[in-house]
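**Student:**
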Amino acid sequence: MHTSTLPSSAASERNKDPILNALRPLLPDQGKALEIASGTGQHAAHFAAALPGWQWQPSDMDDTLFGAIADHARQQAADNVQPAIALDVRSNPWPLPAKTRFDLIYCANMLHIASWICCPGLMQGAARHLADNGLLVTYGPYLEQDVPTAPSNLAFDADLRQRNPSWGIRQLADVEKEARLAGLHLRQRISLPANNLLLVFGR
Ligand SMILES: C[S@@+](CC[C@H](N)C(=O)[O-])C[C@H]1O[C@@H](n2cnc3c(N)ncnc32)[C@H](O)[C@@H]1O
């Protein structure tokens with residue numbers, strides 16, 4: 007299938023290489039990844055193709071996206087992308103066998119486009135399903151007390167809240183607190199283009 011016929015996000019095309027470049031040094035050569043909120047599956051296809059030692063499990067709460075996720079993987083010849091699974095981070099427990107562990111749980115651009123309850127949901131589910139040395143990596147815009155918010159992020163936040171009052175760019179300190187409550191700790195904060203951050207949590 008040709009790219010233009012596939013549901014695609016322009017932002018994902020722009021940010022996939024900066025994210026991959028930041029992820030690479032954090033990851034061993036091999037591992038199992040669970041992607042939360044895969045959306046169109048562009049990140050899954052791009053990262054899995056670039057990381058052939060990894061098995062990539064995409065997921066989303068919206069199963070109408072699963073065809074696009076599979077098509078993007080096929081287009082990149084990324085045969086290490088598994089069929090997507092339906093996973094809503096608010097479910098407790100997540101719909102995974104209790105003993106399933108991942109070396110990486112990756113979640114981009116969900117926390118601000120979902121109600122706050124998704125943050126504790128993400129942290130608690132990740133804490134349950136991360137391997138001992140596993141990493142939870144989130145990507146997106148965040149608000150920080152000691153860092154002036156970029157005007158573009160302020161405008162984005164206002165737009166999100168207008169679209170849905172329960173959405174909005176999250177305070178990094180609040181996200182970190184939910185992580186700690188679940189037993190995870192912020193290990194790295196990596197600045198990426200367009201005022202986005204890659205946050206790396208571990209036990
Ligand atoms: C802006 S898209 C991000 C897609 C992709 N991660 C990216 O960065 O391009 C947000 C995604 O979050 C998913 N989502 C929203 N709430 C969710 C929840 N409670 N559990 C799992 N996925 C959720 C939506 O279905 C959507 O696919």
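According to our numbering, the residues represented by the sequence shown are 7 to 209, in order. Beta carbons are placed, not taken as given, at the ideal position from N, Cα and C, and that holds for glycine.
1) Name the two residues that bound the continuous alpha helix (DSSP H) containing S158.
2) Ignore the nearest five residues each way along the sequence and tell me which others in R193's own chain have a CB closer than 6 Å to its CB.
3) Is D94 helix, strand or coil when you go by DSSP?
4) With contact counted as at least three CB pairs below 8 Å, one residue from each stretch, are the segment 83–103 and the segment 140–151 in contact?
5) With respect to 7 Å, is the separation between the Cβ of R107 and the closest non-hydrogen atom of ligand 1 below this value?
6) Return the bridge partner residues of W65 from the DSSP annotation.
7) Looking at S14 and ligand 1, is the gap between the Cβ and the nearest heavy atom below 7 Å?
8) Which same chain residues end up closer than 6 Å to T9 when comparing Cβ atoms and leaving out the 5 residues on each side of it in sequence?
9) Straight-line CA distance for L187 to G73?
10) With hydrogens ignored, establish whether the beta-carbon of M67 is closer than 7 Å to any heavy atom of ligand 1.
11) Going by DSSP, which residues form a beta bridge with L149?
12) Going by C-alpha distance, which of N86, T70, R30 is nearest W60?
13) To test your reading of the DSSP string, which unbroken alpha helix (DSSP H) runs of 4 or more residues are found completely within the segment 17–76?
14) Can you check whether the CB of W173 is closer than 8 Å to the CB of I119?
15) Residues in its own chain within less than 8 Å of G189 by CB, not counting five upstream and five downstream?
16) Where are the alpha helix (DSSP H) runs, 4 residues long or more, that stay fully inside the segment 95–151, in chain order?
17) In the DSSP output, which residue or residues are listed as bridge partners for L192?
18) Is DSSP giving L198 helix, strand or coil here?
**Tutor:** On the basis of the coordinates in this document:
1) 157–169
2) V206, G208
3) Shown here, D94 sits in coil according to DSSP, grouped into three states, outside any helix or strand.
4) no
5) no
6) It should be noted that the sequence gives Ser, not Trp, for residue 65. S65 is bridged to I91.
7) no
8) Below a pLDDT of 50, predicted positions are generally treated as unreliable, and T9, at 46, falls in that range; the measurement from the model is reported next regardless. If we look at T9 and ignore the five residues flanking it on each side, it has no Cβ neighbours.
9) 36 Å
10) yes
11) In DSSP, L149 forms a bridge with Q177.
12) N86
13) Given a length threshold of 4 residues, each whole run of the alpha helix (DSSP H) inside the segment 17–76 is given here in chain order: 48–56.
14) yes
15) A133, R209
16) 124–135
17) F207
18) strand
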